[in-house]
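Here the structure comes first, spelled out in structure tokens, and everything after it is commentary.
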Amino acid sequence: MSSNFQWTRKDLLSLYDLEAQEIEFILDTAAEFKKVSARKVKKVPALRGKTVVNFFFEPSTRTRVSFELAEQRLSADIVNVTASTSSLTKGESLLDTVRNIEALNVDLLVMRHPVPGAANFVAERVGAGVVNAGDGAHSHPTQALLDLFTIREHKGRIKGLKVAIVGDIMHSRVARSNLWGLLKLGAEVTLVGPSTLAPREFEEVGVRVCHNLEEAIADADVVNMLRIQRERQESGFFPSTGEYARFFGLNSNTARFLKDDALIMHPGPINRDVELSSELADGSRSVILEQVTNGLAVRMAVLFLVAGCLKK
Numbered sequence: 007m008s009s010n011f012q013w014t015r016k017d018l019l020s021l022y023d024l025e026a027q028e029i030e031f032i033l034d035t036a037a038e039f040k041k042v043s044a045r046k047v048k049k050v051p052a053l054r055g056k057t058v059v060n061f062f063f064e065p066s067t068r069t070r071v072s073f074e075l076a077e078q079r080l081s082a083d084i085v086n087v088t089a090s091t092s093s094l095t096k097g098e099s100l101l102d103t104v105r106n107i108e109a110l111n112v113d114l115l116v117m118r119h120p121v122p123g124a125a126n127f128v129a130e131r132v133g134a135g136v137v138n139a140g141d142g143a144h145s146h147p148t149q150a151l152l153d154l155f156t157i158r159e160h161k162g163r164i165k166g167l168k169v170a171i172v173g174d175i176m177h178s179r180v181a182r183s184n185l186w187g188l189l190k191l192g193a194e195v196t197l198v199g200p201s202t203l204a205p206r207e208f209e210e211v212g213v214r215v216c217h218n219l220e221e222a223i224a225d226a227d228v229v230n231m232l233r234i235q236r237e238r239q240e241s242g243f244f245p246s247t248g249e250y251a252r253f254f255g256l257n258s259n260t261a262r263f264l265k266d267d268a269l270i271m272h273p274g275p276i277n278r279d280v281e282l283s284s285e286l287a288d289g290s291r292s293v294i295l296e297q298v299t300n301g302l303a304v305r306m307a308v309l310f311l312v313a314g315c316l317k318k
């Protein structure tokens, strides 16, 4: 990465928007911030004087806690807002709510919303920086970045690696964000799942689609198991979780097809013994908890870079 490279975006909305060099710059910056968490004093003054509002319209544990801790370690002032405690419950529009928050002279909005494109809608209409913490089935850029960071830490590169993403591709913002990041950095991506959840249309963006788990993971360097989103399964895309686990779950039987050095990933929370057995989730090839650790460094990097592009 060139030392002359400059980050120029006030928002982080999607990896689709970024060039490979920008993604690599975030990862390089995150590597530096990861060192902060290894210090005795785990805090830097990078965002001192900046105010960050965490605006979450959907439940979240890992992402929200990770962002809050990242903000604290950067010395930012933090305000947490949820939809259930905001004026949205009184009928106020999303834009009016956000504009009223911005009028308090806040600098950054970290936003999770169930509607695809909500973060983009807000970012186009406010001067504050906007970081997308997940919008419907559209995008989850920091999750993809922490996945890329974890892969690069273990494999030393992204280019040329074979990565299988397994599960509910159709409803997954994690899958969409990961595939854009992986493709831009030169990985070969295979999407795996039932035909109802991994439609062939995804091949149009340059990935392989497969409906046989054993075939798909046989040469994979990384296997990323997606959570079955029970809250998005009202239409019945497969007969039962038991049948899904039988054909697309990673367990001691199907893991026989994995390469010895293949990484096992999962964005969490895990439905144990559905998409992934406890034995493998807690095993030596699993890097799931490392993903959580690396999420902190990645979000520190994103907040730092975005805040550096604000006009005020």
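Okay, so the sequence shown: first residue is 7 according to this note's numbering, each after it adds one. We treat Cβ as the ideally placed atom computed from N, Cα and C, and that holds for glycine.
- With a cutoff of 8 Å on beta-carbon distance, Ile175 and Asn184 are scored as not near each other.
- By DSSP's assignment, Met271 forms a beta bridge with Asn230.
- In the DSSP assignment, Thr88 is bridged to Phe62.
- The residue among Arg79, Tyr250, Leu189, Glu28 with its C-alpha nearest the C-alpha of Val280 is Tyr250.
- Inclusion of Lys168 and Ala226 in the CB contact set at 8 Å is warranted, their separation being smaller than that value.
- In the DSSP assignment, Met306 falls within the alpha helix (DSSP H) that extends over 294-313.
- For Asn138, the enclosing beta strand (DSSP E) starts and ends at 135-141.
- Between the alpha carbons of Arg45 and Arg105 lies a gap of roughly 38 Å.
- Under DSSP, Ala170 takes part in a beta bridge, and its partners are Thr196, Val229.
- In summary, Leu101 is exposed, with fewer than 16 beta-carbon neighbours lying within 10 Å of its beta-carbon over all protein chains present.
- Under a 10 Å Cβ-count criterion, Phe63 is classified as buried, with 16 or more other Cβ atoms of the shown protein chains found around its own Cβ.
- Apart from sequence neighbours up to five positions away, the residues of its chain that approach Arg291 with a beta-carbon distance below 6 Å are Ile270, ordered along the chain.
- Burial state of Gln297 is buried, judged by a 10 Å Cβ sphere holding 16 or more other Cβ atoms.
- Rounded to whole angstroms, the separation of the alpha carbons of Trp13 and Leu311 is 7 Å.
- Contact check for Pro122 and Asp141: beta-carbon distance about 5 Å, within the 8 Å limit, so the pair qualifies.
- In this structure, Met117 lies away from Ala89, with their beta-carbon atoms at least 8 Å apart.
- DSSP places Leu188 in the uninterrupted alpha helix (DSSP H) bounded by 179-190.
- Taking Arg131 as the centre and dropping the five residues before and after it, the same chain places the C-beta of Leu101 closer than 7 Å to its C-beta, in chain order.
- When C-beta atoms of the stretch 20-35 are compared with those of the stretch 46-57, fewer than three pairs fall below 8 Å, so the two segments do not count as touching.
- Cβ-Cβ separation between Phe155 and Val304: approximately 6 Å, consistent with a contact (criterion under 8 Å).
- Taken through DSSP and simplified to helix, strand or coil, Leu114 comes out as strand.
- In the DSSP assignment, the residues bridged to Val215 are Leu197.
- Under the DSSP assignment, Asp153 falls in the alpha helix (DSSP H) whose first and last residues are 147-161.
- Residue pairing by DSSP places Asp83 opposite Thr57 in a beta bridge.
- Taking C-alpha positions only, Glu194 is separated from Pro120 by approximately 29 Å.
- By the Cβ-count criterion, Phe11 is exposed, with fewer than 16 other Cβ atoms from all chains shown falling within 10 Å of its own Cβ.
- Nearest to Met231 by C-alpha distance, out of Leu197, Thr57, Phe243, Thr35, is Leu197.
- The three-state reading of DSSP puts Arg262 in helix, counting H, G and I together.
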